[in-house]
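Following: one structure in structure tokens, then a few remarks.
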Amino acid sequence: MPSKKSSGDKDIHNDHYFQKVFDVTCLIPEGKVSTYGAIADFLALGSARMVGWALNQSHRQEHFIPAHRVVNRLGELSGRMHFATPTLMQERLEKEGVIVVNDKIDNINHYFWHPRELAEY
DNA sequence: GACCTGACGCCCC
DNA sequence: AGGGGCGCCAGGT
Numbered sequence: 008m009p010s011k012k013s014s015g016d017k018d019i020h021n022d023h024y025f026q027k028v029f030d031v032t033c034l035i036p037e038g039k040v041s042t043y044g045a046i047a048d049f050l051a052l053g054s055a056r057m058v059g060w061a062l063n064q065s066h067r068q069e070h071f072i073p074a075h076r077v078v079n080r081l082g083e084l085s086g087r088m089h090f091a092t093p094t095l096m097q098e099r100l101e102k103e104g105v106i107v108v109n110d111k112i113d114n115i116n117h118y119f120w121h122p123r124e125l126a127e128y
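Numbering-wise, the first sequence is residues 8 to 128 according to the numbering used here.
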């Protein structure tokens, strides 16, 4: 019965939405960036905050998650303080050719990538 | 169990 | 154009 409060499908969903966020993040092409909102919209999470919350745990994953390619809708590096050093996120982006000025991506729509662009999905 | 705080985003001023 | 308010969902206190 769905009405039962026992841990069931919802918990399973919660356990897997982390992995879904990781999967989508790994699909962002090098040199491109996506946003919390776009990923949340694509996965129908209902809240962009959940994407940030998931990425906050991404460093615990065995496989490397290119979390530096996810920024907020303005192109700001809002997650930079959660990397090993405050400048690591910017360094990784610049290494991929993304121009960052004042902790913000210059002309984000030039680099923006939406998960919908994937034919597989 | 109420309350606060986030790697967000939209609306309003 | 920039700043504040509120909704959103999950976790921590």
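Idealized CB from N, CA, C, for every residue including glycine.
These numbers were taken from a predicted model, which means no experiment stands behind them.
In the three-state reduction of the DSSP assignment, Thr32 falls in the helix class. Straight-line spacing of the CA atoms in Lys39 and Tyr118 works out to 5 Å. Taking the Cα of Gln64 as reference, the smallest distance to any Cα among His89, Val31, Asp110 and Ala45 is reached at His89. Counting along the chain, no alpha helix (DSSP H) covers Asp110, and no H or E run does either.
Within its own chain, the residues whose Cβ lies closer than 8 Å to the Cβ of Leu100, once the five positions on either side in sequence are excluded, are Val40, His75, Arg76, Leu84, Val107 and Ile112, listed in chain order. One alpha carbon belongs to Thr92, the other to Leu125, and they sit about 32 Å apart.
Annotated three-state conformation of Glu37 is coil, per DSSP.
Around the Cβ of Ala51, a 10 Å sphere holds fewer than 16 other Cβ atoms; the residue is exposed.
Phe25 carries a helical assignment under DSSP once its states are collapsed to helix, strand and coil. Exclusion of the five residues before and after Ile46 leaves Val31 and Val58 as the residues of its chain whose Cβ lies within less than 6 Å of its Cβ. Counting other Cβ atoms within 10 Å of its Cβ, Gly104 stays below 16 and is therefore classed as exposed.
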